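Read through the structure below, which is laid out as structure tokens, and then see the notes.
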Amino acid sequence: MISLVFLATAINYLDRQTLSVVAPLLIDQFHMSNQEYSRVIFAFMLAYTIMNAVSGPLIDRLGTRVGYALTAAWWSAAAMMHSLARGPWTLGFYRFLLGMGEAGNWPAGVKVVAEWFPVDERALASGIFNSGSAAGAIVAPPIIVWIVLKAGWQAAFLVVGVVGLVWVVAWLTLYHPPQDGAGEERAVTISLWRLFRRRFVWSLTLAKFFFDPVWYFYIFWFPEYLKRARHFDLLAIGKYAWVPFLVAGLGNLLGGWFARTLLRHNLPLTIARKGALALCTLLMVSTIPAVLVPSATISIALVSLAMLGYTGASANMLAFPADVFPRSVVASIWGLASVGSGMGGMIFALATGWVVDHYSYKPVFCGFGLTPLIALGIVWFILGPFRPGLKLNEVVGTRGITS
């Protein structure tokens, strides 16, 4: 089951990375500035933010099997529509549609983990499925560049969309809830405001506002950075842009393994989760020297270390909702937290385009080396302790639930 989620996440990022890989080509073809490109990213993040608040409750309501299939089918069709883009406005519109669908992947994945895995395995299981994002980003540069050179950039979007639709068929055929029925829970409609008022939820949302834009920067801007600042051509981008994402994939596994090791040595859940998060987050400061060193090889190595830190920390964050809350609301809680992620992504994307156009990549890299420390401070000092075993009526109150 977690392999299916891994594949969905890989396809999700293959779709997402297709634009990033061809961005240097489209920026020249459509005569876009960095600010105009940042608005295309903003369109994606706007839809992603809005739909995170919708997709989580929707998946809780429809169930993992149907809800996941709907979101994956939507983003696959939207990816194929990118081939029709004729300028920044149409590209932004199709990007908006893609963001609407892709928002459902992580609430659905978190729900699968909650259904199938005990507490000491959740961070590792989350890391396994989340490493699909790195896998998708690893294969994207060489595959997309090869398709573009052979058949054009429109074909690249069509191919990745078809791959997503194949996954939908496999998911509907193979997925089932646990045999003990633990994944089958009463369908409920939940008051999102009551969920958000809990300190654990709003502080997690705030932390992701500062934490996740770092990853979005690597996803959307790294190939363009290699071209403009390091003078890579499209072929060189295809050869080397995947390297940091390979290292990032290892971070998903290491972060989950580290948390599981701490838990199996009888450390309290709060210390294990926050300790693993802190160690991984500190690695992300290596973004700062990455933009300062003269060697492109060393720069890529430092970016790789920072991305390893992000994915290691993210594997633990993905386990947070299921550590504390009942399974029937974990998709909703992760959806709410991801609203903070999307809002941060929107604001920092626009800021990135403006800063790059007016200054350079140096202040951008320095900023993204420091913002994860803000997120760490929020989790460590504001989030509060982990208290597993909350019942649904304790979370939202009986007035916040309807059948």
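The sequence shown begins at 145 in our numbering and counts up one residue at a time.
Quick reminder that beta carbons are idealized off the backbone N, C-alpha and C, glycines included.
Just so we're clear, the structure is a prediction, and the values are computed from it rather than from any experiment.
Supposed close pair residue i, residue j - CB separation, criterion 8 Å
i, j, result
"A314", "F240", "Actually they are not in contact, since the Cβ atoms of A314 and F240 sit about 27 Å apart, beyond 8 Å."
"M224", "L302", "5 Å"
"I415", "C510", "About 31 Å separates the two Cβ atoms, so there is no contact after all."
"G479", "N196", "5 Å"
"G453", "L426", "7 Å"
"A493", "Y360", "7 Å"
"L421", "A392", "16 Å between Cβ atoms; not a contact."
"R111", "A281", "Absent from the structure is residue 111, since the part of the chain shown begins at 145 and ends at 547."
C-beta atoms of residue i and residue j nearer than 8 Å
i, j, result
"P357", "G488", "yes"
"A154", "T215", "no"
"F353", "M451", "no"
"G248", "I203", "yes"
"L517", "D467", "no"
"A299", "V165", "no"
"N396", "G305", "no"
"G486", "T193", "yes"
"G551", "M428", "Only positions 145 to 547 of the chain appear in the structure, and residue 551 is not among them; the question remains open."
"A589", "L316", "Residue 589 lies beyond the residue range present for the chain, which begins at 145 and ends at 547; the question has no answer from this structure."
"Y181", "Y369", "no"
"V387", "I444", "yes"
Option nearest residue i by Cα separation, candidates the options
i, options, result
"W498", "F186, D172, R205", "F186"
"W311", "L151, L423, L228, V523", "L151"
"F366", "S147, L163, D159", "L163"
"L394", "T455, F344, W260", "T455"
"S476", "Q161, T208, M176", "T208"
"A217", "A434, T349, L339, N156", "N156"
"F340", "S147, I146, F376, L527", "L527"
"D377", "S199, A167, A279, E180", "A167"
"W219", "G400, G521, Y238, W346", "Y238"
"V435", "L446, L427, T425, M428", "L446"
"L520", "L423, V263, L242", "L423"
"S177", "V254, P232, P286", "P232"
"H320", "V283, E259, L370", "E259"
"S347", "L158, M145, P529", "P529"
"L148", "H175, Q179, F188, V257", "V257"
"R205", "R417, F261, K255", "K255"
"G419", "R338, P507, W524, V184", "W524"
"V292", "V473, G382, F344, R408", "G382"
"V473", "R417, L336, S430, S443", "L336"
* Mind listing, in chain order, the continuous alpha helix (DSSP H) runs of no fewer than 4 residues lying wholly within the region 470-507? => 474-502
* Does the region 453-468 touch the region 257-275, meaning 3 or more C-beta pairs lie closer than 8 Å? -> yes
* Asked: Residue ranges of each alpha helix (DSSP H) run of no fewer than 4 residues wholly in the region 330-364, ordered along the chain?
  -> 336-340
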